[in-house]
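Undergrad: Chains W and R are the protein sequences, given in the same order.
Counting along the first sequence from 1, when you hit position 148 you're at 525 in the numbering used here, and nothing is skipped either side.
Counting along the second sequence from 1, when you hit position 147 you're at 189 in the numbering used here, and nothing is skipped either side.
Beta carbons are placed, not taken as given, at the ideal position from N, Cα and C, and that holds for glycine.
Here the structure is a predicted model, which is why all the values come from computation and not from measurement.
Dropping a structure here in structure tokens format, bear with me for questions.
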Amino acid sequence: MTAGALMGTSGCGLLGGSENAQQGGPGGLEKANLKVGALATSEIAPLHLAVKNGHFQREGLTVEIVTAKDGASALNAAIGGDYDITFSSYVPIFAAQASGVSQLKIVADCASATPNTIMIMTAPGSPVRTAADLAGKKIAISGMGTISQLMVQATMRAHGVDFSRVEWAPIGFPNMPEQLRQGHVDAAFLVEPFLTLAARDTKAVPVVDAATGPLQDIPLGGYVSTANFADQNPNTVAAFHRAMQAATDEAQDRSKIEPLLPQFAKVDAETAAVMGLLNMHTRVDATRLERVPRLMREFGYIQKDVDVKAMIATPPQN
Amino acid sequence: MARVIRGLAGLLGFFAVWEAFSRLGPVPQQYLPPPSLVLVRFGELLGDQMFLLDVIASVLAWAIALGISIAIAVPAGLLLGSVPAVRVATRAIIEFLRPIPSVALIPLALVLIGSGPDTKIALAVYASVWPILFNTIYALDEIDPVMVETARSFGLGRARVLFTVALPNSAPFVLTGVRMSAAVALILVVSTEFLAGGTSGLGSFVLDASTGAGRMDLVLAGTLVAGVIGFAVNEALEAVHKRGLRWSIVGQEAS
């Protein structure tokens, strides 16, 4: 009987499943075991750092990182209650909030755009050279209605270019360089590490840096939970935020992140050493964040305003 | 021995074609890396502890799924095969459920069960129950009525006939069903991990490698591992078939 139970536990561990959540964990935590949704992207490096270097452990939290296929499915899993907290880009977060699909709370910020990490690129020798040449062209984005489409539109508008006749081509980032090379698309919206890979492997050239002008330092993604979860687990959410803060502080030292990238995002060490990193911070600043729903409203992604202040779960720390 | 050499020759030929296609072919090497590179990655992965945990997670989920499938499908097959009334009553529902692809149920399973290991196990069970079930049913149909009559005339009851005639007769069919299901279950476990994400597993590894940095060399190396596991499982089950069920292969293979 005991052997069976033991087998069961160790078997579950090896299967990669979560252990049962214990009630009333240490330090007044409402929930000590968290299932956190993530993507295999470099911006969530601090999350992995927090697990690896014991930042969660110090707060009494056990965090299991679950990789999702894309931001939308990660967010759905959180809304459905399968993940306690999830990373997602802000566009689907505010879209869900504005449409009333779910009431969400932003638990921690993640990263914002820095120059040379988010670019519209084209093939070498392409007639597309400047932002103005993008009008009416076929542009690869990661998906319709995503932050990549919003950023292309905002970039084009900032340069006074008409984007109404652009033909959008939803393509996964890994496949964009090849689509450029073969001439299936005229330009592609690329993020790191694909930007570095595209420049190295297909000699792709930048047309315009999307993280400039109105999009300078634009918040890209953050960690959210349902409002229900945040309200019922305020201490857990605060502990999560503190651990992420500590990990993000540590992550400002690039050498802490580089060895992690090959592990969870499978970026080769060579690329990890040269790729640009986003501006990582955890503190949720309503004024900064409000830029995202404002842009979404302007470009018709949402039909009504979002009260960002009311969505922030953790009060600013002293 | 000759069989092994021929098998190896086939494998080498396959790698040679792949290598040539990758080096000269129309697809750039980072999208279709040559086997010389993939095999190096394959070797590196076998020494990577995190990857091995992924493999263990997948194999364990596969084994549990196959075990559950056998536990469900064999008794159900015996019941359906020996009681015609039950079989007629369930035919419509079985024929409705059987063609539904398990991967199409992933979104539903994510909502109902979540993204843990139980999801991939449940989906793999769903897909791998059918081959075993149908093979068991057909096995019972195939029994020579003379044997059953003979057993009856010796005064054996229904249960004795089931255990002394029906089961040994159907065992080879059931095992063939298990072999088919073993491959189906492995496919389902890995593809659920890939399509639904998760914390570990071969499919999650491939997902990370393909979405994180588009590392096709790692993707193919991971795929190769899945192929090797499937091959090993099939060889093992074939060995079981040859040793445990000698009566069913008489005259089939002279080697």
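Quick one: grab the DSSP three-state call for Asn552 of chain W.
TA: Helix at Asn552 of chain W.
Undergrad: Is it buried or exposed, Phe617 of chain W, if we count other Cβ atoms within 10 angstroms and call 16 or more buried?
TA: Phe617 of chain W is buried by the Cβ-count criterion.
Undergrad: What residues of chain R sit near Asp580 of chain W, judged by a beta carbon separation below 7 Å?
TA: Note that residue 580 of chain W is Lys in the sequence shown here, rather than Asp. The contacting residues do not exist; Lys580 of chain W stays about 12 Å from chain R at best.
Undergrad: In whole angstroms, what separates the C-alpha of Leu574 of chain W from that of Ala500 of chain W?
TA: Each residue's Cα considered, the two are about 13 Å apart.
Undergrad: Does the pairing of the stretch 651 to 666 of chain W with the stretch 486 to 496 of chain W give three or more beta-carbon distances under 8 Å?
TA: Short answer: they touch.
Undergrad: Determine whether the beta carbon atoms of Gln72 of chain R and Asp578 of chain W lie at a separation below 8 Å.
TA: Contact flag set, yes.
Undergrad: Taking 7 Å as the line, does the beta carbon of Ala44 of chain R fall inside it for any heavy atom of the ligand PLP?
TA: As far as ligands go, the structure on display features none, and thus does not contain the ligand PLP.
Undergrad: Among all the DSSP beta bridges, which residues are the ones paired with Leu567 of chain W?
TA: Answer is W:Met496.
Undergrad: For Gly49 of chain R, count the other beta carbons within 10 Å of its own beta carbon; 16 or more makes it buried, fewer makes it exposed. Which is it?
TA: When all chains shown are included, Gly49 of chain R counts as exposed.
Undergrad: According to the Cβ coordinates, are Phe215 of chain R and Tyr180 of chain R closer than 8 Å?
TA: Yes; because the gap between Cβ atoms is below 8 Å, this pair is in contact.
Undergrad: Are any of the Cβ atoms in chain W nearer than 8 Å to that of Gly240 of chain R?
TA: Cβ-Cβ to chain W under 8 Å: yes for Gly240 of chain R.
Undergrad: How many angstroms separate the CA atom of Val207 of chain R from the CA atom of Thr463 of chain W?
TA: Between Val207 of chain R and Thr463 of chain W, the C-alpha separation is close to 57 Å.
Undergrad: Can you say whether Gly254 of chain R is buried or exposed, counting buried as having 16 or more other CB atoms within 10 angstroms of its CB?
TA: It is buried - the Cβ of Gly254 of chain R has at least 16 other Cβ atoms within 10 Å.
Undergrad: Less than 7 Å between C-beta atoms, sequence neighbours within five positions excluded: which residues of the same chain meet that for Gly401 of chain W?
TA: Because Gly401 of chain W sits at a pLDDT of 48, beneath the cut-off of 50, its placement in the model cannot be relied upon, and the following sentence gives the value as read from the coordinates. Nothing meets the Cβ criterion.
Undergrad: Can you tell me which residues form a DSSP beta bridge with Thr603 of chain W?
TA: Thr603 of chain W is bridged to W:Leu481.
Undergrad: Checking contacts by CB at 8 Å: is Leu557 of chain W closer than that to chain R?
TA: Not closer than 8 Å to any Cβ of chain R, the Cβ of Leu557 of chain W fails to qualify, so no.
Undergrad: Pull out every residue of the stretch 469 to 496 of chain W whose Cβ sits closer than 9 Å to any Cβ of chain R, in chain order.
TA: Those residues of the stretch 469 to 496 of chain W that come within reach of chain R (Cβ to Cβ, closer than 9 Å) do not exist; the list is empty.
Undergrad: Count the other C-beta atoms from every protein chain shown that fall within 10 angstroms of the C-beta of Pro504 of chain W, then say buried if there are 16 or more, exposed otherwise.
TA: Pro504 of chain W is exposed by the Cβ-count criterion.
Undergrad: Quick one: which chain W residues come within Cβ less than 7 Å of Leu217 of chain R?
TA: Simply none; closest approach about 25 Å.
Undergrad: Listed in chain order, which residues of the stretch 141 to 169 of chain R have Cβ atoms closer than 7 Å to some Cβ of chain W?
TA: From the stretch 141 to 169 of chain R, only Leu152, Val153, Gly156, Ser157, Gly158, Pro159 have a Cβ closer than 7 Å to chain W.
Undergrad: Three or more C-beta pairs under 8 Å: does that hold for the stretch 591 to 602 of chain W against the stretch 450 to 467 of chain W?
TA: As far as the Cβ criterion goes, the stretch 591 to 602 of chain W touches the stretch 450 to 467 of chain W, which means the pair count is three or higher.
Undergrad: Counting contacts by CB-CB distance shorter than 8 Å, is Thr234 of chain R in contact with chain W?
TA: Not an interface residue.
Undergrad: Cβ of Asn430 of chain W within 8 Å of Cβ of Glu675 of chain W?
TA: For Asn430 of chain W and Glu675 of chain W, no; Cβs fall outside 8 Å.
Undergrad: Under 9 Å between beta-carbons, which chain R residues line up against Thr439 of chain W? List them in chain order, please.
TA: What Thr439 of chain W touches in chain R: nothing, since even the nearest Cβ is about 13 Å away.
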